[in-house]
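*Asks:* Quick note, the sequences are listed as chains A and G, same order.
For the first sequence, the working numbering puts the final residue at 272, and the numbers step up evenly by one.
For the second sequence, the working numbering puts the final residue at 272, and the numbers step up evenly by one.
A virtual CB, placed ideally from N, CA and C, is assigned to each residue, including glycine.
The structure presented is a predicted model; accordingly, all values stated were derived computationally and were not measured.
Protein chains: 2
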Amino acid sequence: MARIAGSSGPRTEEAIRRAGLSLIATHGYAAMSLRQLAAEVGIQQGSLYNYFRNKQEFLFDLIRGHMLDLHAALDAALLPEGSAEARLTRFTEFHVAYHVARAQEVFICYSELRSLEPDNLAAVVAMRRDYERKLGDILDHGCATGEFRLADTRMATLAILAMLSGICTWYRPDGRLSREAMQEIFTGMVLALARGEAAEAVAVPPRRRGALRAGIG
Amino acid sequence: MARIAGSSGPRTEEAIRRAGLSLIATHGYAAMSLRQLAAEVGIQQGSLYNYFRNKQEFLFDLIRGHMLDLHAALDAALLPEGSAEARLTRFTEFHVAYHVARAQEVFICYSELRSLEPDNLAAVVAMRRDYERKLGDILDHGCATGEFRLADTRMATLAILAMLSGICTWYRPDGRLSREAMQEIFTGMVLALARGEAAEAVAVPPRRRGALRAGIG
DNA sequence: GTCTATAGTTTGATAGAC
DNA sequence: GTCTATCAAACTATAGAC
Chain A
56 MARIAGSSGP RTEEAIRRAG LSLIATHGYA AMSLRQLAAE VGIQQGSLYN YFRNKQEFLF
116 DLIRGHMLDL HAALDAALLP EGSAEARLTR FTEFHVAYHV ARAQEVFICY SELRSLEPDN
176 LAAVVAMRRD YERKLGDILD HGCATGEFRL ADTRMATLAI LAMLSGICTW YRPDGRLSRE
236 AMQEIFTGMV LALARGEAAE AVAVPPRRRG ALRAGIG
Chain G
56 MARIAGSSGP RTEEAIRRAG LSLIATHGYA AMSLRQLAAE VGIQQGSLYN YFRNKQEFLF
116 DLIRGHMLDL HAALDAALLP EGSAEARLTR FTEFHVAYHV ARAQEVFICY SELRSLEPDN
176 LAAVVAMRRD YERKLGDILD HGCATGEFRL ADTRMATLAI LAMLSGICTW YRPDGRLSRE
236 AMQEIFTGMV LALARGEAAE AVAVPPRRRG ALRAGIG
């Protein structure tokens, strides 16, 4: 926070990035003032405009940069071939590791889409669809080979992504479980969900549909 | 939007509630101005203060009221006894139905916790923990009876809630699937996840750990 | 209960000296 | 690249007439 006046450049840029991630993740983009951001970095508010043209551009740069990183990292981690189970395992391990390592950025990418202006939003949504498709392809393939049994692969895609991405909302570096433990636990749950073997053997209990309907107003 | 001037009362109150839910869900609490809210309702900005003391109280009332509804509805829908599978099925069906029926309110309850002042936040977090515990108890019970096989019931609780609550981020009333179809699909996935039967029989593929680590920066 | 008017802040963004 | 100073706009909240 305290800071000797003078030129910095790259150092300031990185400091702004980090402070911005932290403030936006904590309070949200709209609630973060540029004065607050500048104070966190230790510069004056007007100086921020050496690093972006306006507040919206700052947010977009953060989100876009992160999405590019995410895609590149996923492509490096994924198996091009192999059984659907192996690929799903790899996908899950990657996703958990990434969400644990960069929880703040991931969280912002989910929670601040609403703060993007239309053109910027469209660009980010397109990148996100690509990511969803990579998981969807694995699930489709697994259903085709019989490794997986899913009633609806689109719902399964959204369900698995929500389940894994939820990690960034509660994960803390000093938490109970190591990254490796979380990878193992979540891989187990995702595989069980995808195999879904015993699902149809269940005796569904009688439903008091009336009571349920009454409850949901 | 257009509106005849004059006294209303309860009608205005409900209009403010609905407009607030919509605006906050779309743009976020911090980004919603009271002028915007008043315009949506068709009254002047100062008149809002007949319905709340300040903006924060308005948000808290929305969230708190919804949490109370959620708890009451869950208690009405849940089975007090029965197999863990039956109770988990009931829980899932309820949760899906509620999130489909009141997606906006649910979404706000997740996304605007950050906008609550400390005391208000504490109250909401306490209510949320109760909700999590109800699911956690079902999972614990199922593991004890052997119906479920979960490596970590706390992680499973968070994973299932994230998976189900994710619905409110993408659900649209005019979507492809009916509420009933979604209930069935998600119940199948949740039960498969909880049973996790074949999970340990998997041959885990060899992992290029180096590549994975490199990917997560 | 609603209106108009306004007080008192805070905000994002710009201009110009160093 | 950073600072100081400032503008114009927007905000929450209040006061008082009807």
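(1) Under 7 angstroms, do Gly243 of chain A and Thr212 of chain A count as touching if we go by C-beta distance?
(2) Quick check: what's the CA-CA separation for Leu114 of chain A versus Asp124 of chain G?
(3) Judging by CA-CA distance, which residue of A:Arg250, A:Gly251 and A:Phe241 is the nearest neighbour of Arg145 of chain A?
(4) I'd like to know whether the C-beta atoms of Val161 of chain G and His150 of chain G end up nearer to each other than 7 angstroms.
(5) In whole angstroms, what separates the C-alpha of Gly197 of chain A from that of Ala85 of chain G?
(6) Which of helix, strand or coil does DSSP assign to Tyr226 of chain A?
(7) Could you check the C-alpha separation between Ile79 of chain G and Ile163 of chain G for me, to the nearest Å?
(8) Using the three-state DSSP reduction, which class does Glu160 of chain A fall into: helix, strand or coil?
(9) Give me the subset of the segment 84-107 of chain G whose CB atoms are less than 7 angstroms from a CB atom of chain A, sorted by chain position.
(10) Would you check if the segment 207-226 of chain G and the segment 214-228 of chain A touch, i.e. whether three or more CB-CB distances between them fall below 8 angstroms?
(11) Quick check: the Cα distance between Leu129 of chain G and Gln159 of chain G, rounded to an integer number of angstroms?
(12) With 7 angstroms as the threshold, decide whether the Cβ of Arg169 of chain G is near any Cβ in chain A.
(13) Within 10 angstroms of its Cβ, does Arg227 of chain G collect 16 or more other Cβ (buried), or is it exposed?
(14) Let me make sure I understand the geometry here. Which of A:Gln99, A:Gly120 and A:Leu92 has the alpha-carbon closest to that of Lys110 of chain A?
(15) What alpha helix (DSSP H) runs, 4 residues minimum, are completely inside the segment 82-106 of chain G?
(16) Can you have a look at Gly137 of chain G and say buried or exposed, based on whether 16 or more other CB atoms are within 10 angstroms of its CB?
(17) When you compare each of A:Arg183, A:Asn175 and A:Trp225 to Val180 of chain G by their alpha carbons, which one comes out closest?
(18) To the nearest angstrom, how far is the alpha carbon of Ile118 of chain A from that of Arg234 of chain A?
(19) Would DSSP call Ser233 of chain G helix, strand or coil?
*Replies:* Short version:
(1) no
(2) 36 angstroms
(3) A:Phe241
(4) no
(5) 44 angstroms
(6) coil
(7) 7 angstroms
(8) Annotated three-state conformation of Glu160 of chain A is helix, per DSSP.
(9) Ala85 and Ala86
(10) yes
(11) 18 angstroms
(12) yes
(13) Burial call: exposed.
(14) A:Leu92
(15) Entirely contained in the segment 82-106 of chain G, the alpha helix (DSSP H) runs reaching 4 residues are, in chain order, 89-96.
(16) Exposed, by the Cβ-count rule.
(17) That would be A:Trp225, whose Cα lies nearest to the Cα of Val180 of chain G.
(18) A direct Cα-Cα distance of roughly 24 angstroms separates Ile118 of chain A from Arg234 of chain A.
(19) coil
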